[in-house]
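First comes the structure, then the notes that go with it.
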């Protein structure tokens, strides 16, 4: 597992405009380090406050050997919460992921074959 962190100080003064801080700490994914493919797609392109938003996360092993002990952590967007009991894998209801209502949901996938 890759773990990344960043320690830094950000000072905002009264009257400063709201800002979104994105620290580029993601690993360089241009280097082929993993045969895993992950894609997240929302069913609806526009959502209203309070609506249920369904989305699909596809994880596939595109390598030549099994990938063991695979887990995925899904980060929900700001303002979204996970609805307990809504998790499905290939259409079958499964136990809720770790992380409660979010924003970080972790699900163990076990071994993925190519």
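Numbering (my numbering), first residue to last: 1 to 114. Think of the CB as a built atom: it goes at the ideal place given N, C-alpha and C, for glycine as much as any other residue. On a predicted model such as this, the values are computed, not experimentally measured, just so you know.
- DSSP places residue 58 in the strand class (E or B) of the three-state scheme.
- Annotation: residue 13 to residue 111 spans about 49 Å, alpha carbon to alpha carbon.
- The alpha-carbon of residue 96 is positioned some 16 Å away from that of residue 80.
- Remark: C-beta atoms of residue 106 and residue 67 do not approach each other more closely than 9 Å.
- Each residue's CA atom was taken as its position, placing residue 114 and residue 40 some 20 Å apart.
- Take residue 93, set aside five residues on each side of it, and the residues of its chain with a beta-carbon closer than 8 Å to its own are 85 and 87, in chain order.
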